[in-house]
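Every letter in the sequence shown is one number past the one before it in full-length UniProt numbering, and letter 206, counting from 1, is 206. We treat Cβ as the ideally placed atom computed from N, Cα and C, and that holds for glycine. This structure is a prediction, so every number in the text was calculated from the model and none was measured.
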Amino acid sequence: MKEPLLGKTLDELREVAASVGLPPFTAKQIADWLYKKHIHSIDEMSNISLKGRAALAARYDIGCVPPVRAAQSADGTRKYLFPAAHGLIETVYIPETDRATLCVSCQVGCRMGCHFCMTGRQGWSGNLTTAEILNQIYSIDERDSLTNIVFMGMGEPFDNTDSILHATTALTAPWGYAWSPRRITVSSVGLLPGLRRFIAASECHLAISLHNPFPDERAAMMPAERAYSITDIISELRLHDWSHQRRISFEYTMFEGSNDTRRHAAGIVRLLRGLECRVNLIRFHSIPGVALHSPSQEKMEQFRDYLSDNGITCTIRRSRGEDISAACGLLSSTPNEA
């Protein structure tokens with residue numbers, strides 16, 4: 001099997017060039033073809049000699065693979081199904097008036113086992129490579145219209161930290177896509193080893209899946225809490241300056257009668273007081289076999305207003321793509337659910 005070029009850094013492309021007898025400057029040419037011109041074949045690299053292209057093509061390919069299926073929502077959201085080495089993954093394109101966001105996956109399934117998430121209920125089949133992560137951007141028709149990328153699709157990013165850091169490097173480096181890190185958000189339940197590596201190595205925004213401010217209640221719905229408590233996660237975050245440049249946010253899916261009370265709102269205020277951040281409230285989308293329901297819009301607004309009145313910037317995220325199972329918590333690529 002040929003090795004993909006997509007996702008390789010400039011230093012790695014220099015090694016590729018050397019491996020097939022090409023001069024070091026060829027690495028920058030290859031990077032331009034990949035990340036600036038988005039070619040689909042090594043034969044298209046017209047400023048590299050025919051002999052050099054043949055040598056490259058004998059051992060490497062671009063690494064781009066088209067989606068096998070796409071679904072269109074009534075609200076304009078589009079969900080793609082991509083093949084990967086360990087199975088299928090879903091990617092969601094969300095157009096809005098002034099922006100276009102791509103929700104990218106990093107694993108086939110997920111092993112965090114969150115009670116309310118279809119991806120977690122699917123289980124885990126394997127990590128995506130850097131090429132498989134970037135292919136979700138590379139191989140969609142809307143690629144050139146994207147304004148933002150969020151790693152909020154299938155999988156836990158800090159359970160696949162190497163590939164995440166490689167991908168965000170390619171997205172932000174001058175030799176790569178040259179995006180501002182402010183256009184990229186990585187979301188995590190809070191696996192501390194990966195979280196620490198990410199904070200040290202990346203300037204992209206961070207989102208933490210909170211869902212409950214009380215560790216015992218959070219553990220009942222999010223098994224990762226038992227290994228990395230939300231209190232320890234917040235303590236780690238307080239070691240860093242979030243008042244400039246990078247932004248930190250907390251995702252909070254609301255469940256009627258479970259985490260939507262004044263007690264929970266007050267718990268969030270105590271937990272996050274003094275931390276420069278925002279909280280995004282998310283309506284729960286029902287999934288089979290889970291006896292949970294979303295609170296009313298009025299109750300969500302009251303929760304938001306309490307947080308805002310107590311110094312926590314808070315918004316209610318608008319649900320998108322629910323009719324094609326593309327909304328938060330609904331992604332699953334198992335044959336009977338994709």
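Proximity winner among the options, relative to residue i (alpha-carbon distances)
| i | options | result |
| --- | --- | --- |
| residue 239 | 279, 44, 195, 157 | 195 |
| residue 157 | 144, 193, 183, 301 | 193 |
| residue 309 | 332, 298, 266 | 266 |
| residue 284 | 217, 320, 159 | 320 |
| residue 86 | 106, 72, 80 | 106 |
| residue 149 | 136, 300, 14 | 136 |
| residue 280 | 263, 303, 298 | 303 |
| residue 269 | 214, 242, 21 | 214 |
| residue 198 | 221, 24, 159, 305 | 159 |
| residue 20 | 59, 2, 39 | 59 |
| residue 130 | 146, 109, 162, 122 | 162 |
| residue 322 | 48, 37, 74 | 74 |
| residue 299 | 237, 262, 228, 51 | 262 |
| residue 307 | 123, 273, 113, 217 | 273 |
| residue 191 | 237, 217, 333, 147 | 237 |
For residue i, three-class secondary structure by DSSP
| i | result |
| --- | --- |
| residue 222 | coil |
| residue 126 | strand |
| residue 166 | helix |
| residue 275 | coil |
| residue 349 | There is simply no residue 349 to check, as the chain begins at 1 and stops at 338 in what is shown. |
| residue 264 | helix |
| residue 141 | coil |
| residue 245 | coil |
| residue 338 | Any reading at residue 338 is ruled out, since the residue's pLDDT is 42, under 50, leaving its predicted position unreliable. |
| residue 78 | strand |
| residue 35 | helix |
| residue 120 | helix |
| residue 399 | No information on residue 399 is available, as it lies outside the stretch 1 to 338 that the chain covers here. |
| residue 280 | strand |
Residue i and residue j closer than 8 Å at C-beta
| i | j | result |
| --- | --- | --- |
| residue 89 | residue 128 | yes |
| residue 234 | residue 271 | yes |
| residue 278 | residue 313 | yes |
| residue 189 | residue 222 | yes |
| residue 201 | residue 165 | yes |
| residue 125 | residue 108 | yes |
Cβ neighbours of residue i in the same chain (closer than 6 Å, five flanking residues each side left out)
| i | result |
| --- | --- |
| residue 142 | 93 |
| residue 204 | 168, 181, 184, 186 |
| residue 72 | 78 |
| residue 139 | 64, 66 |
| residue 316 | 281, 300, 304 |
Close-in-space but distant-in-sequence residues of the same chain around residue i (CB under 7 Å, 5 per side omitted)
| i | result |
| --- | --- |
| residue 95 | 76 |
| residue 134 | 6, 7, 167, 170 |
| residue 219 | 225, 226 |
| residue 2 | 59, 60, 61 |
| residue 305 | none |
Cutoff 8 Å; reference residue i; Cβ partners in own chain excluding five residues on either side
| i | result |
| --- | --- |
| residue 53 | 42, 43, 45 |
| residue 340 | Only positions 1 to 338 of the chain appear in the structure, and residue 340 is not among them; the question remains open. |
| residue 242 | 248, 275, 276, 277 |
| residue 68 | 81, 82, 83, 88 |
| residue 145 | 95, 100 |
Review point. Between the region 161-176 and the region 208-221, do at least 3 Cβ pairs fall closer than 8 Å?
Key: Contact fails: fewer than three Cβ-Cβ distances are below 8 Å.
Check your understanding: On the three-pair Cβ rule with 8 Å, is the region 3-17 touching the region 52-69?
Key -> Taking a cut-off of 8 Å on C-beta distances, the region 3-17 touches the region 52-69, as three or more cross pairs fall below it.
Review point. Should the region 83-101 be called in touch with the region 26-33, which here means at least 3 C-beta pairs below 8 Å?
Key: With a cut-off of 8 Å, the region 26-33 and the region 83-101 do not count as touching, because too few Cβ pairs lie within range.
Practice item. Would you be able to state if there are at least three C-beta pairs under 8 Å between the region 12-30 and the region 145-153? Key: Fewer than three Cβ pairs drawn from the region 145-153 and the region 12-30 lie within less than 8 Å of each other, which leaves the two stretches out of contact.
Exercise for review: Evaluate the contact criterion for the region 239-251 versus the region 284-302: three or more CB pairs, one atom per stretch, below 8 Å.
Suggested key: Taking 8 Å as the limit for Cβ pairs, the verdict is that the region 284-302 does not touch the region 239-251.
Review point. So does the region 253-263 actually touch the region 291-311, counting three or more Cβ pairs closer than 8 Å?
Key: They touch, by the three-pair rule.
Check your understanding: Is the region 116-124 in contact with the region 323-330, if contact means three or more CB pairs nearer than 8 Å?
Key -> The region 116-124, when compared against the region 323-330, does touch it at the 8 Å Cβ threshold.
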